[in-house]
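Asks:
2 protein chains.
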Amino acid sequence: MSQQAQQMLDRHRETLDQAVEAITTRGYWSPYPESIKKYPEEAVKGAPARFEALLRQPFSLKTPAVAGQVGAEVSPYGFELGVTYDQPEQGALITAMQAAMPAWRDAGAEARVGVCLEILARLNALSPDIAQAVTHTSGQAPMMAFQAGGPHAQDRGLEAVAYAWQAMSRVPAAAKWVKPQGKHDPLVLDKRYHIVPRGIALVVACSTFPTWNTYPGLFASLVTGNPVILKPHPGAILPVAMTARVAQEVLEEAGFDPCLVSLVPDSAEAPVTKALALNPAVKLIDFTGSNAFGEWLECNATQARVFTEKAGINTVIIDSVEQIKPVAQNLAFGLSLYSGQMCTTTQAIYVPKEGIQTAEGPLSFDEVAGALAKAVEKFLSDNDRACAVLGAIQAPATAQRIEACRELGEVLLDSETREHAQFPKARVHTPLLLKVDASQRDAFSEERFGPISFVIATDSTAHSIELAREVIGEKGAITLGAYTTDDAVADQFERLAMDVAAPLSLNLDGGIFVNQSAAFSDFHATGGNPAANASLCDQAFVTPRFVVVQSRRHAPVEA
Amino acid sequence: MSQQAQQMLDRHRETLDQAVEAITTRGYWSPYPESIKKYPEEAVKGAPARFEALLRQPFSLKTPAVAGQVGAEVSPYGFELGVTYDQPEQGALITAMQAAMPAWRDAGAEARVGVCLEILARLNALSPDIAQAVTHTSGQAPMMAFQAGGPHAQDRGLEAVAYAWQAMSRVPAAAKWVKPQGKHDPLVLDKRYHIVPRGIALVVACSTFPTWNTYPGLFASLVTGNPVILKPHPGAILPVAMTARVAQEVLEEAGFDPCLVSLVPDSAEAPVTKALALNPAVKLIDFTGSNAFGEWLECNATQARVFTEKAGINTVIIDSVEQIKPVAQNLAFGLSLYSGQMCTTTQAIYVPKEGIQTAEGPLSFDEVAGALAKAVEKFLSDNDRACAVLGAIQAPATAQRIEACRELGEVLLDSETREHAQFPKARVHTPLLLKVDASQRDAFSEERFGPISFVIATDSTAHSIELAREVIGEKGAITLGAYTTDDAVADQFERLAMDVAAPLSLNLDGGIFVNQSAAFSDFHATGGNPAANASLCDQAFVTPRFVVVQSRRHAPVEA
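Protein sequence lines correspond, in order, to chains A and B.
Everything in the first sequence is counted per UniProt numbering, starting at 1 for the first residue and increasing by one.
Everything in the second sequence is counted per UniProt numbering, starting at 1 for the first residue and increasing by one.
1) Please list the residues of the region 409–436 of chain B that have a C-beta atom closer than 8 angstroms to any C-beta atom in chain A, keeping them in chain order.
2) Helix, strand or coil: which one does DSSP assign to Gln248(B)?
3) Name, please, each residue of chain A whose Cβ falls closer than 8 angstroms to the Cβ of Pro227(B).
4) By DSSP, does Tyr163(B) sit in helix, in strand, or in coil?
5) Candidates Glu14(A), Val196(A), His463(A), Asn533(A): which alpha carbon is nearest Ala121(A)'s?
6) Are the C-beta of His194(A) and some C-beta of chain B separated by less than 8 angstroms?
7) Using a cut-off of 8 angstroms between C-beta atoms, extract the partners of Leu506(A) located in chain B.
8) Over what stretch of residues does the beta strand (DSSP E) that includes Trp29(A) continue unbroken?
9) Who are the near neighbours of Ala99(A) in its chain, counting only those whose CB is closer than 8 angstroms to its CB and skipping five residues on each side?
10) Just curious, the alpha helix (DSSP H) that Phe209(A) is in, first and last residue?
11) Give the single residue among Ala501(B), Met498(B), Val500(B), Glu494(B) whose Cα lies nearest to the Cα of Asn507(B).
12) Beta-carbon within less than 8 angstroms of Val436(A)'s beta-carbon, same chain only, minus the 5 sequence neighbours each way: which residues are those?
13) So, at 6 angstroms on beta carbons, what are the nonlocal neighbours of Ala371(A) in its own chain, with the 5 sequence-adjacent residues on each side left out?
14) Quick check on DSSP: helix, strand or coil for Tyr483(A)?
15) Find the residues of chain A that neighbour Gly334(B), judging by a C-beta separation of less than 7 angstroms, and give them in chain order.
16) Of all Cβ atoms in chain A, is any one closer than 8 angstroms to the Cβ of Gln154(B)?
17) With 8 angstroms as the limit, tell me which residues of the region 503–529 of chain B have their beta carbon closer than that to any beta carbon of chain A; keep them in chain order.
18) Exposed or buried, Asp459(B), counting other C-beta atoms within 10 Å across all chains shown (16 or more means buried)?
19) Against chain B, which members of the region 29–55 of chain A pass a CB distance test of less than 7 angstroms?
20) Relative to the alpha-carbon of Ala145(A), which residue among Gly157(A), Asp155(A), Gln154(A), Gln132(A) has its alpha-carbon at the smallest distance?
21) Enumerated in chain order, which unbroken segments of the beta strand (DSSP E) with a length of 3 residues or greater are wholly contained in the region 424–452 of chain A?
22) Within its chain, find whatever has a CB closer than 8 angstroms to the CB of residue 560(A); leave out the 5 residues flanking it on each side and keep chain order.
23) Going by other Cβ atoms of all chains shown within 10 Å of its Cβ, with 16 needed for buried, is Val66(A) buried or exposed?
24) Applying a beta-carbon distance threshold of less than 7 angstroms, which residues of chain A neighbour Ala540(B)?
25) Write down the C-beta distance between Leu413(B) and Val376(B) rounded to the nearest angstrom, noting that I regard them as a contact closer than 8 angstroms.
26) Any idea what DSSP makes of Gln357(B), helix, strand or coil?
27) Using the DSSP secondary-structure output, state which residues sit across from His524(A) in a beta bridge.
28) Please identify the residue among Thr224(A), Arg448(A), Glu249(A), Arg385(A) whose C-alpha is closest to the C-alpha of Gln347(A).
29) Could you check where the beta strand (DSSP E) with Glu41(B) kicks off and where it finishes?
30) Just to confirm, are Leu126(B) and Leu263(B) a CB contact at a threshold of 8 angstroms?
31) Please give me, in chain order, every unbroken run of the beta strand (DSSP E) with length at least 3 that falls completely inside the region 44–117 of chain B.
32) For Arg545(B), count neighbouring C-beta atoms within 10 Å of its own C-beta (all shown protein chains included) and say buried if the count is 16 or more, exposed if not.
33) Is there a Cβ of chain A sitting closer than 8 angstroms to that of Glu298(B), yes or no?
34) Tell me whether Arg495(B) sits in a helix, a strand or coil according to DSSP, three-state version.
35) So Glu494(A) contacts chain B; which residues on that side make the cut at Cβ distance below 7 angstroms?
36) Does DSSP classify Ser267(B) as helix, strand or coil?
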């Protein structure tokens, strides 16, 4: 191992050990503080100016051959970034990355882990800057951009490294195989086992969580020896480019070819993802985005292992509650956070049309729906707080979808545009909440990306469960929330979760929300329903990224 | 857990623990004796009569709905088996298997491991009978049919159980998540984690190794909670049917639906595999067989995880040797064993046209090729020994291929038909060994299944390595052998093995052969080249067969 890689590993060995322990015990843990107060004041205060200094000019990365320039990012807060990026020539890039692979492979798992942990540590230090880039590409509000774009994304990257390290370190470097032969001398073979990467890895990033959804695939593939092409969404290149730069710097310092992590940006007008995904050299693909494209990859990029995070019909079922107010407040926060643009945001809320029981007496369907609408309205009544929670709508199409969906049901709470104090052109919209009957399945059983949710009147909780089973079975879900005060019904929810392979959040009415997922403890998505074919992270997310190549020979006869 | 499943687990706990230890340390280990002498005399002696008693009548298994009868197996030793099997109605079968799945899932990993280990133990006791069925379907000679069809197949099944148990037991059943909140009380969640199967698993068996290649997929899928459809090759149903019967008996005794392991036999005239493979309920497919069908599955059954063992151009490179004789003897045995019908048999043997160095002086190319031809000839000169090693040719097409390939090069050793003492109609053929030039790439770089091999004259060992790199890169290989007395060249072979992801056997000249692969120590295939997309067994073989579904709720406030 190079001295540099060894030093990197030594520096982060304790973090690695703790991460492996965390994925095993799955309690709360993170090495990357989520409170911005824990970061150096200068780093935090200087971030906006450093972001400003990146605008309206080229952002340079190392690449073997440049084919052209792209870059037309527009902040959802209302201004053009004006950053341009080199687009590498694909053939030359893949040739260079393949040439770089053997040295990265032969460095061994420990060296690769050291390098990856150093990249993560430097990304962590860069969190305030990355938060700026995430804010002005995804539209996330600053605090969320900091947490989800910085430490939480780094957590997910580290989690992938920990899983991969656990898997790789379970393969011994060597073994002596001694087979008894009765009265004769035993047969003795010396065996060696090598971790061998699959080939070029492609990570297709999304516009809403350009780092959080990218780091697991990036680090899982890289640490197992595969060179990684980062293909950012044309609307959110900068956070991925900043990540690539950090990775390239660390790789180079450790004595490796920086092109082992390469950025291939494109434009909406001339997308390159399909061509990259079908390149025979590409053996691993991580994708976050639409169902249509995810399914296209699953069905067409058959030369590669494809890991997809798509979308589904995230569901909440309300059977009964102790008190409606904290439940409504909890759901209201979840619906408002990042204007419903999380892959975990609830879309379908099933409530029996006869109403529900509470410890404070029965509530009619309309009372439940009204409590929810009122909780959202109240939570967003302070405009500054609203803007700090909602952030901005990433894509104009999402804002248009709010308009288009208004006709799908009876409006319980209408979506409003809001004016952002600092950025008057910001695309800020509050949630749209609609009431529909269970029979209006076309309305609620299609994904409506954005701040659009449905309160659905069902015949009973049994009916709610059956509907959820059917809709999630067909369309998938990344989250499932449920409320009941009845242990028998709770068991039914637990069983539903297993049947449709969706993670269950039961009776959340405090400071935890169905759309939040904690690295090292929560498995994000399961990979077992149509919303995603992979989980962040589990063993299945890392083990297909390498193979074991052995050699064997007769052992020297001992003197 | 049911009392029966618990007893099964208790009975085999030590075997399980040892198997997990074995896959970690990868020394020699097996709980199933490969020597037939270790089995009860009655079991061994009575096997032929028990086999005879199965012939010319229906073989019954449990199934929810019968659509018809199939069965037209013909022993490669020259007689019709006359066994018929129920062919289940697919729709009814899948509905019944899906209905049986939740109870199998909810029983938990320990119960499933107990049941699987009991199935394996009973299969082990049945080894003499299974050997009869393997002999008269695959054509393997009796000793090989016993070892490869019995204990070695059971080893591979147990190995899959051990890997799956290791993976499942790494997921905790529950966790308490405690997130500090500064001066406030911490957020505390109780979490539960469930192992959830993917769905119906399909195992498509082959005619040459109907148990060895079937047990890994069968046990990997079953132990992780998936109901398994066994689809045998129409020419080798009986060994798979006997396996299914044992599995059904044990499942039923343990209180589970026996249809969790179901046989779906078909005929060559009316194959059902494609329809089964594309059934949306089928989520896992294990396949052993032709490249064409394996690639069809990989490209078309995109709703499922597909694990394939296909074929490639198994390769030996000769650079230099201490003594040619033991090397030629070693290779001769490998070429003769089961008449080259192993997926691990060498097809391409690269030798520099200028000859090689040995400790006994230089040898010309023709001397090397001649030594090899002579070693095969001598080894097979005793007809009884020849028949006991060669076995019979499974398919008439393979025998025809020997004829067709004779034209592809200069005949170094011609294939002969042999008469079997006990079975005069047996299809027994000795190996065909051809000499070709490296330029005759079309000859040696297509798979020629059967006892057909090529000694290829290359410009140099560097040229041999380059050719092997290209051919294996394009066509894959399950085995790679190499001979050199030069450590620097050995390093080049080790690097070649990593580059093409083929396991290397270096300088084998004793009682170990390139086409043998030992469970718990040797990774059979790597999954990293076109000959196979999976390895038997590694972590990647088991982890994609289940997902983790979690639930979380606020922890009760402690008094």
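Idealized CB from N, CA, C, for every residue including glycine.
Replies: Straight from the coordinates:
1) none
2) helix
3) Within 8 angstroms Cβ-Cβ: nothing; Pro227(B) doesn't reach chain A, min ~15 angstroms.
4) helix
5) Glu14(A)
6) yes
7) Ser551, Arg552, Arg553
8) Looking at the DSSP string, Trp29(A) is not in any beta strand (DSSP E), and its letter there is neither H nor E.
9) Asp257
10) First-last for Phe209(A): undefined, no H or E at that position.
11) Glu494(B)
12) Leu408, Gly409, Glu410, Ala443, Phe444, Phe454, Val455, Ile456, Ala457
13) Ile324, Ala328
14) strand
15) Ordered by position in chain A, no residue passes the 7 angstroms Cβ test against Gly334(B), which lies about 14 angstroms from the chain.
16) no
17) Pro503, Leu504, Ser505, Leu506, Asn507, Leu508, Asp509, Gly510, Gly511, Ile512, Ala518, Ser521, Asp522, Phe523, Thr526, Gly527, Gly528
18) exposed
19) none
20) Gln132(A)
21) 432–437
22) No answer is possible for residue 560(A): it lies beyond the span of chain A, which begins at 1 and ends at 559.
23) exposed
24) Thr543, Pro544
25) 6 angstroms
26) strand
27) Leu536(A)
28) Arg448(A)
29) Looking at the DSSP string, Glu41(B) is not in any beta strand (DSSP E); the run it does join, the alpha helix (DSSP H), is 41–45.
30) no
31) 66–70, 84–88
32) buried
33) yes
34) helix
35) Ser551
36) coil
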